[in-house]
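Residue numbers (my numbering), protein chains in the order written: chain X, 7 to 455; chain H, 7 to 455; chain Y, -12 to 468; chain R, -12 to 468.
Ideal Cβ placement from N, Cα and C applies to all residues, glycine included.
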Amino acid sequence: MKKTPFCATSEQDQAVMFQTLGIADFDELFAAIPDELRCSGVDIPEGLSEMDMMQHVRKVASKNSTDLVNFCGAGFYDHYIPAAVDALSSRGEFYTAYTPYQPEASQGTLQAAFEYQTAICRLTGMEVANASLFDGGTALFEGIMMALRQTKRNKVLVDEGVNPIYRRMLQCYTQNLSVDYEEIPISKGGVADRSAYEAALDNSVGAVVLQNPNFFGCLDTLTELIDKIHEVKALAIMSVYPMALSLVETPGAMGADIVTGEGQSLGQPLNFGGPYLGFMATKKKYVRKMPGRIVGETEDKQGRRGYVLTLQAREQHIRREKATSNICSNVQLCALRAIIYLSLVGREGFLDVGHQCMDRASYAYHKLTQIDGVEPAFNRRFFNEFSVRLPKEATGVVSALVDQGIAAGFPVGRYYKGMENVLLLAFTEKRTKEEIDIMVAKLESALKA
Amino acid sequence: MKKTPFCATSEQDQAVMFQTLGIADFDELFAAIPDELRCSGVDIPEGLSEMDMMQHVRKVASKNSTDLVNFCGAGFYDHYIPAAVDALSSRGEFYTAYTPYQPEASQGTLQAAFEYQTAICRLTGMEVANASLFDGGTALFEGIMMALRQTKRNKVLVDEGVNPIYRRMLQCYTQNLSVDYEEIPISKGGVADRSAYEAALDNSVGAVVLQNPNFFGCLDTLTELIDKIHEVKALAIMSVYPMALSLVETPGAMGADIVTGEGQSLGQPLNFGGPYLGFMATKKKYVRKMPGRIVGETEDKQGRRGYVLTLQAREQHIRREKATSNICSNVQLCALRAIIYLSLVGREGFLDVGHQCMDRASYAYHKLTQIDGVEPAFNRRFFNEFSVRLPKEATGVVSALVDQGIAAGFPVGRYYKGMENVLLLAFTEKRTKEEIDIMVAKLESALKA
Amino acid sequence: MKLIYEKSSPGRPGVQMSSIRISPTEEVPEKYLRSQPAELPEVSEAEVVRHFTALSRLNFSVDTHFYPLGSCTMKYNPKACEAAANMPELTGVHPLWPQLRGGGLLTQGSLAILYNTERLLSEATGLAEFTLQPMSGAHGELTGVMMMAAYHKDRGNEKDHIIIPDSAHGTNPASAQIAGYEVVTIPSDENGVMDFEQFKEALNEKTAGVMLTSPNTLGVFNPRIKEICDAVHEVDGLMYYDGANFNAIMGRYKPGDMGFDICHLNLHKSFATPHGGGGPGAGPVGVVEKLRPYLPISRVEKTKDGTYTLNYDEPKTIGYIAPFYGNFGIIARAYAYILSLGCDGMLGTSNRAVLNANYLQEKLRPLFDAEYKGRCMHEFVYSGDFLKQYGLHTLDLAKGMIDRGIHPPTVYFPLNVSEAIMIEPTETEDLDTLERFVEVMEELVELAKTDPEKLHEAPVSTPVGRLDEVKAARDMRLSYS
Amino acid sequence: MKLIYEKSSPGRPGVQMSSIRISPTEEVPEKYLRSQPAELPEVSEAEVVRHFTALSRLNFSVDTHFYPLGSCTMKYNPKACEAAANMPELTGVHPLWPQLRGGGLLTQGSLAILYNTERLLSEATGLAEFTLQPMSGAHGELTGVMMMAAYHKDRGNEKDHIIIPDSAHGTNPASAQIAGYEVVTIPSDENGVMDFEQFKEALNEKTAGVMLTSPNTLGVFNPRIKEICDAVHEVDGLMYYDGANFNAIMGRYKPGDMGFDICHLNLHKSFATPHGGGGPGAGPVGVVEKLRPYLPISRVEKTKDGTYTLNYDEPKTIGYIAPFYGNFGIIARAYAYILSLGCDGMLGTSNRAVLNANYLQEKLRPLFDAEYKGRCMHEFVYSGDFLKQYGLHTLDLAKGMIDRGIHPPTVYFPLNVSEAIMIEPTETEDLDTLERFVEVMEELVELAKTDPEKLHEAPVSTPVGRLDEVKAARDMRLSYS
Ligand SMILES: Cc1ncc(COP(=O)(O)O)c(C=O)c1O
Ligand SMILES: Cc1ncc(COP(=O)(O)O)c(C=O)c1O
């Protein structure tokens, strides 16, 4: 006999309920709705038992090959996730709860969010952080809107060193808004072009968007540039890679006003693009303009410490079309995974991972640049990712290595005209010396071929 | 810097503790112990980080090939385990708890054990069950000792239809005890040989061990035989396959005094042999002779219902060498998985699985016996497993199919002289019609080869 | 409970991360590096496990409590869907592999799941095409209205506003605004649906479209939907269907059939993916044929040879609304759920959701002395106004429920009902749970009459009592220091 | 809390098990079948999840509470060891595949784990060979004494008894008895170790062997171990080492070096595998070279070509003590743990276990006004006799701890200490936890003096108070009906 999976009532239960309602069947529940609206049925297969469903999905999933040795990053990185992250974030009390609208019944989610906000502040060197946004790209858009609201200006300068995927998202999101969007080409050295900013910065500019390390992996020291930005009373927005913040100078120390980024590297699997974790931090004075949920500390009548969603007057459920953003559901569970990850690795472990990433990149950089014809694309300062210029088109070389089970990096030519030969390679603690040596060797022979 | 994984104290903590104890280092803690006992060190590799450990184990595990299409049962079966079984039994509160010696702090484990005992009673048709034993084999040994204690006799008759692996265990366990162990060959039909029992049953016999369905998969009706056993005041012990009890007549209804079995099929993965789940049920009047933990219902002072370990006077921690068994740790978590499994599938789902297993076996039986040269080994009554006689040695045929990714069954010749051509095949709800058809086809061609 | 930072002590070792070392060939100069490491907690793995296990136990959740939170669809999240989506073959895939030539072949499994899910949702909603990229309902709304804008721009339509009923979720107007539209709000009539006359007045040539939730947040299905659609199409406006409540009608009605042009679904509501304490969710958007060109890129396509590819070449697309293909992990859960339901399961599920809601509406009517306004759909709204005579508010009723082990329904939403209490039991609750809920409600209303103070003090069984939200906003303690 | 059977109602659907049907070619006759289906619960999947989630929350556990249960080693169970052992490539393997010709090649991974774990344990204990088959400590003891018996039989030794100190765990005498030996019990001397003189008197030609736990259950390490071993070997007896407390000495002392012939380890204690609420555990047994022939079969062996095979052909073996290779899932966890510790980690771990115990012993001494008897090892025992003056017992102290969120230590064991309380903190607890424990103890002892009634009533914070065990044994309600 056919059942409706997951539904809890028995036919006996339903009979009782029909009687209470004085109806004979389900259809009567919908009597008020015009019949012609009724559909003829849904033409999809019959339901599968749990076992058959699992077998089907396993079969489909097996069409992926996950054993590719991965040197492809470009903003999304293959870091190790300690087992306890899954064990804890998969507790039903966490993942089957809703947004903590009833604080007394949600202190677990709320305190974890408060601890997460604290961690983001400490990573970025900023004063306040929100409880999460969808991803690094939407976070960056929200950051721009926030800055323009704050400065009451409508011009934004976006550095070409910002992840091109994010720049496409910004172009998409701003298309219907009165935002004057302008991109600033990078310098020869592959970093923010000081002179170009000299030229572009004026009183019409409300926000400047920089990324460090930038898409090419290049590190920069942005304090002076940010001072210049502040001189025209614009806000400096910096997009960052949190794992790099284990070692790299903080945006806060450089004077950034708004910091956003992709938190995937903090305990989220790559998962073919999501769910990821957009984070945002800023200065306390701008908090009322910040989008997204914010958790704050308070007390109950007996003076017991507790946590609540606060400053909600910014949000859509109160302000509707006048809200700072339309966001409602965010990615709280990903934020939870991030704080669990950061607590597990801890102060020292985080440094440790940073060093391993940087050391592996350094090792690979020097092996690769010894191959003749392979040139550094830009400066030699990077965290765990760098760009090299190959003697031939990168796409062909990469696909040759893909066939040998290696994702040798990302060919940036797809997004940058004239850089068809440039290859972007990323290194995490997961990559072994052997894997790096093999990749280098195969890449060398692919170049010869 | 080298750390000791999982240990919680910092060097700072340790300094405080050293000071409190007035010592300078760890070695001083062991000052009282003669130095010559100190070992020179442990010659094993350096510790691995979590990531490296996981990578190592994954590499080793990948040497297994789990995609074998399995028709091999022989007492251990490849049933589907609903996802909720893992999700619930992996909750830390369950699996990181100890034996429930402090009932007020262990009601979760205790109530679940009580619910499990109830389920075992309902499956077997018996009055009482214990909270678990290691596996079906040790449970059977414990059952025999229990019966001999009860009857104050020392002779046990064991049917050859009992799983040969268990019979070897019984031979092993009884070797140092004054137990007169005798095996009774099966009948031509492949079931308990009535006449042989007629001859063997007398007042010296304390226990008779039967299995239904037996190792060859044959079903039997044992009521009369058990009556005969009772006539000589011996106890009838029956070893059963719990999944079969979805449809097959219960041992209780046939009059069995002690029922044991392997609960692996109730939510435990095959896991290369363990952990499994030994269960035991009996009549109330024998409960004080039953080994292992038993959970009973009681009340607190306010009359609130609660559960405790009861009748502990039987156990080693009280009775020491006079205990009913030496068992201490059992397999409580496996029992928990079993009751979760049975609750999830429920009354109807359990019937359903039973039918699917039986139907698949029936379908395969008739396809196989149509191959010329392939004969039914015994009678045609079985649940999900049966034996066929091949025109050639089964081991060769099976290994031919193993090479083609199919475990086509278990060649019983390994344990039964003269049955070199007999193949035992098992069918669970996991096996599809296609898989069965392919197996039959390949087996047919293997026979031709 | 202590914060993880308060449990930290210098040198306490966490998880061993250090692995086989590779010595760097060159060090990065100081000036690029931070002077002080980030002050992350220093606690043992065991302590971290205890901390977050303990935190989890402070939450109410579907796995632990009845959670009839209206408009949020807190149905049971099947464990098998979790297991399916957590297969390492799915979670381990880098989203950029398909952009490496030949790399797409390495992700055929994930692409197949995306493609199949789009097809299943199209069939379920009666719409031509779907994008799975939106990462929440609100994100789906924004994507939808941006396509609306692209359509009108493309057609040279001069549109400046979107019509939205006052009962709409706050995300609707907020999303419309980001797409560059004015919002015209229409009040609800006595039946709780958008006032038809006022709607007709507001509708004109400059109307880009109408955003409707049906059944709306009062659980009422607008019977004049076809009329509304026709009127809007008259002015070349587009009908947007907020499908957050699709679970009430799935298998029975299709937004496409009803005349809607755009529809988003909340996979984290109708399709049983977990809410995660506030996300991640997914808000796929379906459109009619004429809107296909405006869908965000990339598009998953199936080639003749049965392989799946990504198409980025769509001249009229609104562009990139997500970095990749959406919240794949959530989509995979919904895919597993839809495969489990199948055709009959969809109807069976909405039937039971609506039956459970109507049963509660009926049983609770006397308590709220509400007059009969006809059947509800999957949820219903009552007013707690009657509590005022006892000096109480809906909030007090809500807090009282917490002490009785039930998560409160949605309160003070929708905004157009005073002291609103919005109840959605969902189909995954059995009759015993519903009966218990009714008993608790009766007990609380009785308590309101006899001893209202008790309700003022509630909750008393939680780790903290009612928290001072004003203080939180004033002090702005937003991180630990 | 209701039983799952009390939540059941006819027709409530559970997990969908029915799959694609295959119609049987022939039905099994009635007489073989049961007349009534087993009365299993009928509840929804959601209800089952809530039921067992709620049950879990009634437990104290290492993941939620400090659990200083003496002799049980309630250390943290690393999540990574769980993840490693739960890889489907390991859990999906049928134990009989190696018996199918060519099938062994399909299980090389699992066989490698067994082989490697045996080698690691041999090195850690200084013993020649290991069997991983015993499924608990007690099972290991039985396996060990059965090998003892086989050895003596083989040598024609006429042995009839085993010597065991009174502080031994109850499983020792119980196991000895099943191997067919009388048990001669030796009292402990004032230092808590086996009285040497009485031991010498008991020792004779008929002594099969001696079972020692060192450090013993009082946490004391017997310094005359070598003398004892020599004396026993004099009469061709065998020394059995109960290694349940191996965690106190691992990396520092090896039973083999000390002169022991047989040793079992509790992987669920020393090697951090979870206790599961009472198992499954694993009790591998190691032996010296001369006992190798008696090990249970099968034996995992490594061939020249590096592949692993199973050897069943051992003429002198005691035979089959397990159906297969032991609790593989538990062994895999221990393997992951040992790989994580490595050589230094073993010593570091036992060092910290012993330090934590000594710190607590020191800090608590005044409370129990115990005189200093030297250092303990990984655990220590105090007597609660002093409580009697307040009309209290150790049990009352234990129950008081429950109300303060700490699982009580082991009480009333070992039996040779009156009102014994046995405390084992383990190395995975940090200093804050130890300090808190001391404070709670101080608070409780203070309470004992000032308001003993309070302790009589404890626990009051648990779902049930002290339960009537006499009633349980009298009523014998052992299943629901
Ligand atoms: C009717 C309605 N529309 C839109 C939304 C917004 O969905 P999300 O929270 O996923 O952005 C919700 C959820 O609260 C809703 O109930
Ligand atoms: C000293 C000692 N020996 C033996 C055992 C028995 O171990 P198991 O419970 O695994 O049978 C224990 C565990 O309680 C013990 O502490």
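Check, Outcome
"For a contact defined as C-beta to C-beta under 8 Å, what are the partners of residue 95/Y on chain X?", "69 and 70"
"Between residue 2/Y and chain H, is the shortest Cβ-Cβ distance under 8 Å, so that the two count as touching?", "yes"
"DSSP three-state label for residue 148/Y, please.", "strand"
"Would you please verify whether the beta carbon of residue 435/H is less than 8 Å from any beta carbon of chain X?", "yes"
"Closer than 7 Å between beta carbons: that is the criterion. Which residues of the stretch 105 to 124 of chain Y meet it against chain X?", "107, 110, 111, 113, 122, 123 and 124"
"Between the C-alpha atoms of residue 256/R and residue 121/X, what's the straight-line distance to the nearest angstrom?", "34 Å"
"When we look at the beta-carbon of residue 376/X and count the other beta-carbons within 10 Å, is it buried (16 or more) or exposed?", "exposed"
"Hey, is residue 318/H's beta-carbon within less than 8 Å of any beta-carbon in chain Y?", "no"
"Is it a yes or a no for the stretch 84 to 94 of chain H touching the stretch 66 to 77 of chain Y, going by three-plus beta-carbon pairs under 8 Å?", "yes"
"List, in chain order, every chain R residue whose beta-carbon is nearer than 7 Å to that of residue 161/X.", "Residues of chain R passing the Cβ test: none, with the nearest at roughly 50 Å."
"Report back the beta-carbon spacing between residue 433/H and residue 363/H to the nearest angstrom; my notes put them in contact at under 8 Å.", "6 Å"
"Is the stretch 351 to 359 of chain X touching the stretch 177 to 196 of chain X, taking contact as three or more C-beta pairs under 8 Å?", "no"
"Applying the criterion that 16 or more other CB atoms from any shown protein chain within 10 Å of the CB defines a buried residue, is residue 241/R buried or exposed?", "buried"
"What number of angstroms, rounded off, separates the C-alpha of residue 82/Y from the C-alpha of residue 293/R?", "39 Å"
"Report the three-state DSSP secondary structure of residue 37/Y (helix, strand or coil).", "helix"
"Of all the CB atoms in chain H, is at least one closer than 8 Å to the CB of residue 70/Y?", "yes"
"Between the beta-carbon of residue 129/X and the beta-carbon of residue 413/X, is there less than 8 Å?", "no"
"Does DSSP classify residue 161/X as helix, strand or coil?", "strand"
"Here's the rule I'm using: 16 or more other beta-carbon atoms within 10 Å means buried, otherwise exposed. How should residue -4/R be labelled?", "buried"
"Hey, is residue 385/R close to ligand 2, as in C-beta under 7 Å from one of its heavy atoms?", "no"
"Could you give the DSSP three-state label for residue 313/R: helix, strand or coil?", "coil"
"Would you list, in sequence order, the uninterrupted beta strand (DSSP E) runs of no fewer than 3 residues that lie entirely inside the stretch 415 to 451 of chain H?", "428 to 432"
"The stretch 43 to 63 of chain H: which residues have C-beta closer than 7 Å to a C-beta of chain R, in chain order?", "43, 44, 45, 47, 48, 49, 50, 51, 52, 53, 54, 56, 59, 60, 62 and 63"
"Residue 328/X: which of 162/Y, 132/Y and 421/Y sits nearest, CA to CA?", "162/Y"
"Using DSSP with H/G/I as helix, E/B as strand and the rest coil, what is residue 365/R?", "coil"
"Tell me whether the stretch 288 to 304 of chain Y and the stretch 161 to 170 of chain X touch, counting them as touching only if at least three CB pairs, one residue from each stretch, are closer than 8 Å.", "no"
"Look at the Cβ atom of residue 312/R, then the Cβ atom of residue 279/H, and state whether they are nearer than 8 Å.", "yes"
"Residues of chain Y with CB closer than 8 Å to the CB of residue 314/X, please, in chain order.", "454, 456 and 459"
"Return the chain-ordered list of same chain residues with a C-beta closer than 7 Å to the C-beta of residue 392/R, the five sequence neighbours on each side being excluded.", "52"
"Residue 11/H versus chain X: which residues are under 9 Å apart at the beta carbon?", "Within chain X, no residue comes near residue 11/H; the closest Cβ sits about 12 Å away, beyond 9 Å."
"For residue 278/Y, which of helix, strand or coil comes out of DSSP?", "helix"
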